[in-house]
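**Q** Numbering (the working numbering), first residue to last: 189 to 762.
Note that CB positions come from ideal geometry on N, CA and C, so glycine has one too.
Laid out in structure tokens, this is it:
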């Protein structure tokens, strides 16, 4: 079948054949390898479907060849499509069009919220999954598993910074406000309204920004472009669904979108106004307050921006230093003073822990007693092989010894290094197994946390302190939404909107184009997205949708600007 498909693709490719840049050929090869190897990991949690036997290896080569021609065809087809000029007439006498032209931001915001209203009703007061439920408990000083992962700074404080304290305060504070007004549900709904308006505002501002740029979209008038975006934001369920979900990633994603637009506005201007530096600074602070790894996104992006904008290097360096100093003051001074411990170091060690677990599972007979004792002082050795989950590191990390000393960690990494030299392919396989879903488009483990849609989470209701529940008569409506979300993930083409790997490859393709056309300044605007993708490769979960939310939700903005860039004459500034 692969051979027959290859022949048809080759014939189709000849029809659209055109010269491609060498970088696109390289990209096509890498993508092909990711598809073939990714399929092997999905089926058997290893690369055995590629390398275990000679026949399988030959079939895999054929598959790579087929994928390669498919991707080349797609690249040529995209280039042909981008070269075409289309015109669409818009009736500017229409009252709605005029209303949009006068108030693009407010019009877009109201339209989105009206479409999202059905989700607000169905999921009243709010969708609570595991993490925000634990955060609310921590706010009210109820003991949770997270305090067991760290060394407490006070017996009276059960709050940790495993989940950002700032976001925990927003959630818990909303419930406290709700209790003053009547109920826990009302407080959670206040939070839901605040979050929905914030996310919708970031998307409406995207539309406002693109419309105000007044650039053509393949010769389609500006209104047509933003109208398409408005319909996507209003009708695609993932936007209102996460607007009603209390996970920290929703607000973080909204701030990322504002952050990226701010970068574009800075790079569009020859000289940056002081107000934009202030906005950049405030957004940077919000990023590290809403997600602990947000500081890496900020530092990397502003550093590259400062190097590129050499005339403004001093000002941008000042912004960066201020952000870093406030982060250190907050994380290293304020939180400890409040007896709030930082999250466990185990959160940064998903990759080596997974590698060790796979090594123990596959080569247990080769582990010496001394090595067992050293590993046991960091991770519980006896159950390590059984706890190993190839696509999720939490079961391994959860047995991390919080009392492990610096010397214990040094000894562990010494053993880790020796075992790496003995069986490097085991380490490589462990890493690929935990992250292939971020680059393999047909990965089946991506989830929307839909299990929390129909019935509310019981973690809060398990204690007398809280009273959280959905409205029972809307259960049927929630089932319909759940079915829509699950169907979207299965429908060809439409599923690409929510496909993690597809969005990653789209970003890579756009960056490659910007590189060989020397439009380097636009790559800087992609730095936050690239940073998040790289952080995901060190995350504990494979193909976790909410980790990918910032670049999936930012994709309409990035793609729209990319299509404008394609139409720019010349090669742009270096």
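Where does residue 347 sit, in a helix, a strand or coil, going by DSSP?
**A** Note: residue 347 maps to coil in three-state DSSP.
**Q** Return the CA-CA distance between residue 745 and residue 711, expressed in angstroms with no decimal places.
**A** Cα to Cα, the separation comes out at about 14 Å.
**Q** Just to confirm before moving on: does the CB-CB distance between residue 434 and residue 315 stay below 8 Å?
**A** Cβ atoms of residue 434 and residue 315: closer than 8 Å.
**Q** Comparing alpha-carbon positions, which option in 338, 293, 331 lies nearest residue 346?
**A** Residue 346 has its Cα closest to that of 331, out of 338, 293, 331.
**Q** Can you give me the C-alpha to C-alpha distance between residue 577 and residue 589, rounded to a whole angstrom?
**A** Computed Cα separation, rounded: 19 Å.
**Q** For the candidate residues 674, 415, 733, whose alpha-carbon lies nearest to that of residue 690?
**A** Nearest of 674, 415, 733 to residue 690, Cα basis: 733.
**Q** Are there three or more Cβ pairs, one per stretch, closer than 8 Å when the stretch 326-343 is compared with the stretch 411-427?
**A** No: the two stretches stay apart, fewer than three of their Cβ pairs being nearer than 8 Å.
**Q** Just verifying my parser: in three-state terms, what is the DSSP assignment at residue 371?
**A** Coil, per DSSP.
**Q** Check each candidate in 547, 586, 687, 666 and name the one with the smallest Cα separation from residue 618.
**A** Answer by Cα proximity: 547.
**Q** Under a three-way DSSP split, which group does residue 435 fall into?
**A** Note: residue 435 maps to coil in three-state DSSP.
**Q** Can you say whether residue 380 is buried or exposed, counting buried as having 16 or more other CB atoms within 10 angstroms of its CB?
**A** Per the 10 Å Cβ criterion, buried.
**Q** Hey, how far is the Cα of residue 423 from the Cα of residue 587?
**A** Their backbone Cα atoms lie some 43 Å apart in a straight line.
**Q** Anyone know if the C-beta pair for residue 481 and residue 352 falls short of 8 Å?
**A** No; because the gap between Cβ atoms is not below 8 Å, this pair is not in contact.
**Q** Quick check: the Cα distance between residue 268 and residue 569, rounded to an integer number of angstroms?
**A** The alpha-carbon atoms of residue 268 and residue 569 are separated by roughly 57 Å.
**Q** What residue does the alpha helix (DSSP H) around residue 482 start on, and which one ends it?
**A** Per DSSP, residue 482 belongs to the alpha helix (DSSP H) from 482-496.
**Q** Report yes or no: do the stretch 349-363 and the stretch 386-404 share at least 3 C-beta pairs separated by less than 8 Å?
**A** Flag = no, the stretch 349-363 and the stretch 386-404 do not touch.
**Q** Rounded to whole angstroms, what's the CA-CA distance from residue 207 to residue 257? Just pull it up for me.
**A** C-alpha separation (whole angstroms): 13 Å.
**Q** Would the stretch 441-457 and the stretch 712-729 be scored as touching if the rule is three or more Cβ pairs under 8 Å?
**A** Flag = yes, the stretch 441-457 and the stretch 712-729 touch.
**Q** Smallest Cα separation from residue 629: which of 705, 604, 224?
**A** The residue with the shortest Cα to Cα distance from residue 629 is 224.
**Q** Answer yes or no: do residue 471 and residue 447 have a C-beta to C-beta separation smaller than 8 Å?
**A** Yes, these two residues count as a Cβ contact at 8 Å.
**Q** In this structure, what does DSSP give as the bridge partners for residue 430?
**A** None; residue 430 has no bridge partner.
**Q** Judging by CA-CA distance, which residue of 755, 754, 747 is the nearest neighbour of residue 449?
**A** Measuring from the Cα of residue 449, the nearest candidate turns out to be 747.
**Q** If I'm right that residue 390 touches residue 445 with Cβ under 8 Å, what's the distance once you round it to whole angstroms?
**A** Going by Cβ atoms, the distance from residue 390 to residue 445 rounds to 4 Å, so yes, they are a contact pair.
**Q** Comparing C-alpha positions only, which one of 670, 263, 476, 307 sits nearest to residue 355?
**A** The option with the nearest alpha carbon to residue 355 is 476.
**Q** Closest to residue 485 by CA distance: which of 228, 631, 749, 717 is it?
**A** Considering only alpha carbons, the answer is 717.
**Q** Assuming residue 623 contacts residue 730 (C-beta within less than 8 Å), just tell me the rounded distance between them.
**A** Their Cβ separation, rounded to whole angstroms, is 6 Å, which keeps residue 623 and residue 730 in contact under 8 Å.
**Q** Could you tell me which of 621, 608, 525 sits nearest to residue 341, measuring between CA atoms?
**A** For the residues 621, 608, 525, the minimum Cα distance to residue 341 belongs to 525.
**Q** Grab me the residues of residue 440's own chain with a C-beta within less than 6 Å of its C-beta, minus the 5 sequence neighbours each way, in chain order.
**A** So the qualifying residues of the chain are 478, 479.
**Q** Whose C-alpha, out of 357, 298, 339, 305, is nearest the C-alpha of residue 324?
**A** The residue with the shortest Cα to Cα distance from residue 324 is 357.
**Q** Can you tell which of 230, 212, 565, 219 has its C-alpha closest to the C-alpha of residue 768?
**A** Residue 768 lies beyond the stretch modelled for the chain, which goes from 189 to 762, so this question has no answer here.
**Q** On the DSSP letters alone, give me the boundaries of the alpha helix (DSSP H) that residue 341 sits inside.
**A** Where residue 341 is concerned, there is no enclosing alpha helix (DSSP H), given that its DSSP letter is neither H nor E.
**Q** Note down, in chain order, each residue of its chain lying with its Cβ closer than 6 Å to the Cβ of residue 489, except the 5 sequence neighbours on either side.
**A** Once the five neighbours on either side are set aside, the close Cβ partners of residue 489 are 715, 716.
**Q** Where does residue 393 sit, in a helix, a strand or coil, going by DSSP?
**A** Residue 393: helix per DSSP, three-state reduction.
**Q** Within 10 angstroms of its Cβ, does residue 327 collect 16 or more other Cβ (buried), or is it exposed?
**A** The residue is buried, with at least 16 neighbouring Cβ atoms inside 10 Å.
**Q** What runs of the beta strand (DSSP E), each 3 residues or longer, lie entirely inside the stretch 521-552?
**A** Runs found: none.
**Q** Since residue 468 and residue 487 are thought to touch, with beta carbons under 8 Å apart, how far apart are those beta carbons, to the nearest angstrom?
**A** About 13 Å separates the two Cβ atoms, so there is no contact after all.
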